[in-house]
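Data block below; observations after.
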Amino acid sequence: MPPHDPPSTTRVLPMLLRISHRLTDETGVYEIIGRPYTTNAGEDVHARVRRVDSAEVTMIRTYAAHERVSLKRL
Numbered sequence: 002m003p004p005h006d007p008p009s010t011t012r013v014l015p016m017l018l019r020i021s022h023r024l025t026d027e028t029g030v031y032e033i034i035g036r037p038y039t040t041n042a043g044e045d046v047h048a049r050v051r052r053v054d055s056a057e058v059t060m061i062r063t064y065a066a067h068e069r070v071s072l073k074r075l
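The numbering used here applies: residue 2 is where the sequence shown begins, and numbers increase by one.
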């Protein structure tokens with residue numbers, strides 16, 4: 002059984018991400034700054050993000066469309 006997330010986080014599919022949502026993973030906390038889009042016949046989801054602690058660092062994160070990601074509620 003996977004460990005429970007803290008009460009302020011929830012797990013959602015990557016296509017349900019919206020601008021200003023915050024993601025948490027093993028490398029840090031990221032904020033969504035662009036709408037997610039799919040490639041590879043809808044199997045991969047890409048979203049432009051920036052690190053919360055360093056606003057000048059932006060990147061495109063890739064997720065499998067069927068795997069849920071941790072979303073931090075503010």
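Ideal Cβ positions, reconstructed from N, Cα and C, are used throughout, including at glycine.
Have a look at residue 16 and residue 66 and give me their C-alpha separation to the nearest angstrom.
-> Residue 16 and residue 66 have their C-alpha atoms spaced approximately 7 Å apart.
Any idea if residue 58 is buried or exposed, counting beta-carbon neighbours within 10 angstroms, 16 or more meaning buried?
-> exposed
Closer than 7 Å by C-beta to residue 64: which residues in its own chain qualify, once you throw out the five before and the five after it? Chain order, please.
-> 15, 46 and 70
On a CA-only basis, which of 12, 9, 49 and 10 is nearest residue 32? Give me that one, please.
-> 49
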